[in-house]
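Trainee: Same order as they appear, the protein sequences are chains A, B, C and D. Mapping of the first sequence onto my numbering: residues 51 to 387, in sequence order. Mapping of the second sequence onto my numbering: residues 51 to 387, in sequence order. Mapping of the third sequence onto my numbering: residues 51 to 387, in sequence order. Mapping of the fourth sequence onto my numbering: residues 51 to 387, in sequence order. Handing you this structure, nothing more for now.
There are 4 protein chains.
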Amino acid sequence: MIFLRCDYSEGAHPQILDALTATNMEQSVGYGEDPHCLHAAALIKERIARADADIHFFVGGTQTNYTSITAFLRPHEAVIAAARAHICVHETGAVEARGHKIITTPTTDAKLNPDDIDEVIRIHEDEHFVKPKMVFISDTTELGTIYNKAELQEIRKRCDKYGLYLYLDGARLASALTSPENDLTLQDIAQLTDAFYIGGTKNGALFGEALILLNPELKKEFRWIMKQTGSMLAKGRLLGVQFETLFQDNLYFELGQHANRMATMLREGIAAKGYRFITNSPSNQIFPIFPNELVAELEKSISFEKEGPVGTQEYCIRFVTSWATPEEDIQKVIDLL
Amino acid sequence: MIFLRCDYSEGAHPQILDALTATNMEQSVGYGEDPHCLHAAALIKERIARADADIHFFVGGTQTNYTSITAFLRPHEAVIAAARAHICVHETGAVEARGHKIITTPTTDAKLNPDDIDEVIRIHEDEHFVKPKMVFISDTTELGTIYNKAELQEIRKRCDKYGLYLYLDGARLASALTSPENDLTLQDIAQLTDAFYIGGTKNGALFGEALILLNPELKKEFRWIMKQTGSMLAKGRLLGVQFETLFQDNLYFELGQHANRMATMLREGIAAKGYRFITNSPSNQIFPIFPNELVAELEKSISFEKEGPVGTQEYCIRFVTSWATPEEDIQKVIDLL
Amino acid sequence: MIFLRCDYSEGAHPQILDALTATNMEQSVGYGEDPHCLHAAALIKERIARADADIHFFVGGTQTNYTSITAFLRPHEAVIAAARAHICVHETGAVEARGHKIITTPTTDAKLNPDDIDEVIRIHEDEHFVKPKMVFISDTTELGTIYNKAELQEIRKRCDKYGLYLYLDGARLASALTSPENDLTLQDIAQLTDAFYIGGTKNGALFGEALILLNPELKKEFRWIMKQTGSMLAKGRLLGVQFETLFQDNLYFELGQHANRMATMLREGIAAKGYRFITNSPSNQIFPIFPNELVAELEKSISFEKEGPVGTQEYCIRFVTSWATPEEDIQKVIDLL
Amino acid sequence: MIFLRCDYSEGAHPQILDALTATNMEQSVGYGEDPHCLHAAALIKERIARADADIHFFVGGTQTNYTSITAFLRPHEAVIAAARAHICVHETGAVEARGHKIITTPTTDAKLNPDDIDEVIRIHEDEHFVKPKMVFISDTTELGTIYNKAELQEIRKRCDKYGLYLYLDGARLASALTSPENDLTLQDIAQLTDAFYIGGTKNGALFGEALILLNPELKKEFRWIMKQTGSMLAKGRLLGVQFETLFQDNLYFELGQHANRMATMLREGIAAKGYRFITNSPSNQIFPIFPNELVAELEKSISFEKEGPVGTQEYCIRFVTSWATPEEDIQKVIDLL
């Protein structure tokens, strides 16, 4: 069975596993205050050129997203997000469970249209409505699309105009930043957002997301909220060791590049056979549309997710490549088509 | 200044005020367990032909809606509602503040399309999504439209199919049930829903909504949740006295009828001048579209709410009539046009 | 049956009912922005000599308390209160339901001991604990005791030392301020607290509490939170009219005085018969201890609440007097003993 | 520096690390539905002789506790726990943050006294109070004490009497069950509780707690709540692999035994020098009382937590041993005294 179901099917990249083994019997204080977490944070701060950032390590993305929103917003404040955003769909209402409404905007490619921010602000005019206070975007998005620099700057402009925080979910940031169509850098993101996270789980770590707090308003007593949501890992240094490994050289970006290269090969192979996609996604997730019978056939030897029907004769499916996807698997899939 | 801003601009209908005065120095236990509340509940149960119902009195609609949802649902369960529903828009996120996501469906007339329930169920397939468990509708809706019996039966059928509770917000139920286009009775609603409320605030009471719990699953320890949300009025008998007055004879329906008659007169007057409406609303809320200059002119002598622009030259506004609207006010408005 | 069960057994003082009747057909905007609410707020601001205060009117005390706490605190921040405080016991966990822990301190007379604040701060040392951020006190307390000025100043001093807000629940503030043992004024309270409320429900109004926000940090977008908790009364002017009546002359204090006079008469009558009390309460709530048989006898002709057993032979009960208690009722109770 | 600060200072026991390494490149579905999780669950079900149990794996204890409480209770329902319980003190109000009050009972040894359950039930009599619905205990407790079988049976009896769920926090269950004073088995616990968890983080795993749901009422849609609280690990099989290793032979108990043996050696060494303890704790946490100067001296070479002052001259500190504590470290500490 070829696995193109997700980018977290395996354990960790061998270098990460080696680092965990090498440090296994070290004794340290818990909860993220150990030397490895401090060192990993220092490496990231250097990489984003923001010595003033606060960095917190989480085990997973849902935790990171809702803990941040819980910490950032007052009870009547709401998030603006594209209707396909992960927090609106696939996190079982975690944000609402902590009290906050998500105001969704229409989208076909999972990207947030800056003009929709204006419209949301216009409608939410007084105390009978929630008060929009934060914009949530993902890069890559949930459909594998990416934001370019001009788009991110435009969203930032609206956030400044209306006093909104800008938060970027970087679960697949490695794939976004190494996409052939990308013109953003980690440093750009650290300049343009109030907070964002760098995803490890989907890029070679056993688990782990590094949340970067840039706006000083968002930093105060953040660890209290982390502990309250159960997000503070007892043996916190496991997160530190992993992010040290990802960022001491260029491993983080190399793993993203490999995933993208596999996806490009697959995308081009599929296109060459004449199939189309529901959106152009220059990253490690691609969404081809196949005839129903072909989908049934592919399921026999490939593990993947089904997105939804396109008319009655076709189905859109999702293929995801990862740091661990072997080139021969991609070739086999192309041959199958 | 003519008030067509809302149906709660005045105090109470004189009969209600008289009843409150007459009972003022009676001494009774608090929190809704006094003889007047019991009597009012008995009158309503008789009227809906459901001796088995539990009836609870609230001060306002937002309280009633979110207290009910809080009591009915588990943390991961969600509400399905049309995107224009009051709980999605004008209650400052009260439902989300108590932890529940509202899944919205598209609508132009504020009514819920039964087929959209199927689609919501199809998408929310496993534990990565919230679980739809309740359908919320309003009658009249937020755009003054009403459900007919066939529509309500169809929604009930989907609720039965998928194990969903059906809840009806009756803030303006008096206007709905006395609309010339209505074919529903209070008894029908008590047969087709799991819970609904009869609105008093917008139909002649100082304040007050009577929540009717029909499904036995929803009754357990409901008073605990009421107290927790601060919804239990200390001098609860004030609510009992008002609903006694509304339901001992036919006052509740007479007040709704008057409001509708005034709205019909106004609607016909506006239509006769050649203006159109954003939707057909056979109840006490109407939504005419006027040229911008006319809207500016009207604002000098009429108090009303502005719905939103229609293109660049016109604006949709809302006129609301009530039990207290004098016929001469309506005539004056028509003359002004 | 003589009612000494609570101070909200009747409707409203006749002057209040007259004012509601006189203004009944006035038309005004809703939600507390009408002329009566503005006037009532102006009268209170003058009385407390704090022109800078923000004043919001609520229907009931549980709403007022938890809405305030919800608005004031971040998710990890907690309230310090004496273990007998109303919010810890009789509000069905409303504060916790909105996410905040209440840290309780031991007490025999329901008053908060300032030294206990130091101890709470000492223990809650880092992010593994909630962070104390607000002190909650009631005056009169839940056992009818009162704070004197020196005590309130001492609590204020600790709040300043530790960066805590001081909030005073004044459900029975009329009784506290007119107690023979009181040395506090409304102006003192407005100087020493960050927020407090003046209770109307238990002092002659149909319902209503006036929340006074003094600390500018607590004022921002408070109306959003009010709406979210369902605390914004549609016909808000009902609250304005009642507080206008209570504060345009001296009615608020006269009603408190009457209740206290009745309680004093009753307390002295009971003491003269040789019975004792669980605490000294110089206000409108008294807590005598009677032999079990006497309690059973009294229940035949008096309605009252039972506090709890004292040993096996005696029981502590609660008598509450109010603005409406007739002197002859008190005489009858004394004669019964 | 000798580490006696906690039982999670190191990484994982070498067998666990080996198992993670051996399975690293396996590909599997995420979120706990992989073969390793299924196998680990099967091993535990066999060990507790409850084939009907549902087993869910969490990363940490705070998550496990509050996710369970969130899933089990309705909004007005509360937990009863001894005042020293971890959920009352060291979890930053996680339970309250999801809406539930914890009713605390007094305790000196961190154990819950069954009679206090009766008293709590007596007081919480109607809808003005939260409704007690669950009893929370820890074994070992937060002071290292343990429950014996008779005590657990007695608590169970009260729970049956009042319709309460019994939940046991087993963060240190390995130490409890291998304590020289213990007479409980895993099977006993699975018979006497409605739910409990077996802690891995403090007994040799990198991280991980296995929650066992026994009462069928508690099982429904539990995975929805897990996902909502961010508790579902993407690479869930990491938890499965670890619990497989702990339970395929006897590793789980051997590690607990080692920790206890080190603690016993240390306790006896301290007692032999004439020092006393604040409580008798026959497990891997001990709480000696030392003169202040000795505490200062010990801090130079040992890492430990300080519990609190005992009078002015002495201090109670906490020593924790673990699966990884070397015997020579214990000897060194004894020599230091």
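Ideal Cβ placement from N, Cα and C applies to all residues, glycine included.
Counting C-beta neighbours from all protein chains within 10 Å, is the total for R148 (chain D) 16 or more, i.e. buried, or is it exposed?
Mentor: buried
Trainee: Alpha carbons only, please: which of B:K211, B:Y302, B:S281 and B:E231 is nearest the one belonging to A90 (chain B)?
Mentor: The residue among B:K211, B:Y302, B:S281 and B:E231 with its C-alpha nearest the C-alpha of A90 (chain B) is B:Y302.
Trainee: My output table needs one value for M312 (chain C): the three-state DSSP class, helix, strand or coil.
Mentor: helix
Trainee: Count the C-beta pairs between the region 244 to 251 of chain D and the region 208 to 228 of chain D that are closer than 8 Å, then say yes if the count reaches three, no if not.
Mentor: yes
Trainee: In chain order, what residues of the region 121 to 138 of chain C put their CB closer than 9 Å to some CB of chain A?
Mentor: A121, R124, P125, H126 and E127
Trainee: Does the contact criterion of 3 or more C-beta pairs under 8 Å hold for the region 99 to 118 of chain C versus the region 301 to 317 of chain C?
Mentor: no
Trainee: Under the rule that 16 or more other beta-carbon atoms within 10 Å means buried, what is G23 (chain C), buried or exposed?
Mentor: Because chain C spans 51 through 387 in this model, residue 23 (chain C) falls outside it and cannot be assessed.
Trainee: Span of the beta strand (DSSP E) holding P338 (chain B)?
Mentor: P338 to P341
Trainee: Nearest chain B C-beta to Q307 (chain D) closer than 8 Å, yes or no?
Mentor: Among the CB atoms of chain B, none fall inside 8 Å of the CB of Q307 (chain D).
Trainee: Return the residues of the region 68 to 79 of chain B that lie within a Cβ-Cβ distance of less than 8 Å from chain C, sorted by chain order.
Mentor: L70, T71, T73, N74, M75, E76, Q77, S78 and V79
Trainee: Out of curiosity, what's the CA-to-CA distance linking D233 (chain B) and N198 (chain B)?
Mentor: When only Cα atoms are considered, D233 (chain B) and N198 (chain B) end up about 6 Å apart.
Trainee: M51 (chain C) to G110 (chain D), Cα distance in whole Å?
Mentor: Cα to Cα, the separation comes out at about 59 Å.
Trainee: Would you identify the three-state DSSP class for E294 (chain A), choosing helix, strand or coil?
Mentor: helix
Trainee: Let me know the alpha helix (DSSP H) ranges lying completely inside the region 112 to 176 of chain D, each 4 residues or longer, listed in chain order.
Mentor: 136 to 139, 144 to 147 and 164 to 173
Trainee: Three-state secondary structure (DSSP) at Q363 (chain A)?
Mentor: Here Q363 (chain A) sits in coil by DSSP.
Trainee: Taking 8 Å as the CB-CB limit, is Q278 (chain D) close to chain A?
Mentor: yes
Trainee: Report the rounded CA-to-CA distance for F327 (chain A) versus L202 (chain B), giving the unit in angstroms.
Mentor: Each residue's Cα considered, the two are about 40 Å apart.
Trainee: Between W373 (chain A) and the rest of its own chain, which residues show a CB-CB distance below 7 Å, the 5 nearest in sequence each way excluded?
Mentor: H63, N253, G254, L305, H308 and A309
Trainee: Rounded to whole angstroms, what's the CA-CA distance from N74 (chain B) to L296 (chain B)? Just pull it up for me.
Mentor: 18 Å
Trainee: Using beta-carbon positions only, say whether A133 (chain D) and T112 (chain D) come within less than 8 Å of one another.
Mentor: no
Trainee: Output the distance between the C-alpha atoms of Y81 (chain C) and M282 (chain C), rounded to the nearest integer angstrom.
Mentor: 6 Å
Trainee: Name, in chain order, the residues that DSSP records as bridge partners for A444 (chain D).
Mentor: Absent from the structure is residue 444 (chain D), since the part of chain D shown begins at 51 and ends at 387.
Trainee: Based on DSSP bridge pairs, tell me the residues matched to Y247 (chain A).
Mentor: A:D219 and A:L261
Trainee: For G358 (chain D), is the classification buried or exposed, using 16 other Cβ atoms within 10 angstroms of its Cβ as the cut-off for buried?
Mentor: Result: exposed.
Trainee: By how many angstroms is the C-alpha of L123 (chain A) removed from the C-alpha of S188 (chain B)?
Mentor: 30 Å
Trainee: What did DSSP end up calling R368 (chain B) once you bin it into helix, strand or coil?
Mentor: strand
Trainee: What residues in the region 349 to 362 of chain C bring their beta carbon closer than 9 Å to a beta carbon of chain D?
Mentor: G358
Trainee: Is the region 158 to 177 of chain C touching the region 228 to 242 of chain C, taking contact as three or more C-beta pairs under 8 Å?
Mentor: no
Trainee: Which two residues bound the contiguous beta strand (DSSP E) that contains F186 (chain D)?
Mentor: K181 to S188
Trainee: Counting only Cβ-Cβ distances shorter than 9 Å, please list the residues of the region 163 to 184 of chain A near chain C, keeping chain order.
Mentor: D176, E177, H178, F179, V180 and K181
Trainee: Give a yes or no on whether 8 Å exceeds the smallest Cβ distance from G149 (chain C) to chain D.
Mentor: yes
Trainee: Return the chain-ordered list of same chain residues with a C-beta closer than 7 Å to the C-beta of R368 (chain A), the five sequence neighbours on each side being excluded.
Mentor: Q335, F337, F354, E355 and E357
Trainee: By the DSSP assignment, the alpha helix (DSSP H) with L242 (chain C) in it spans what residues?
Mentor: L236 to L242
Trainee: Please state the DSSP three-state secondary structure of E355 (chain A).
Mentor: strand
Trainee: So who's on the other strand from R326 (chain A), going by DSSP bridges?
Mentor: A:I339
Trainee: Of all the options D:Q65, D:I352, D:V360 and D:I171, which has the alpha carbon lying nearest to the alpha carbon of Q381 (chain D)?
Mentor: With distances taken between Cα atoms, Q381 (chain D) lies closest to D:I352.
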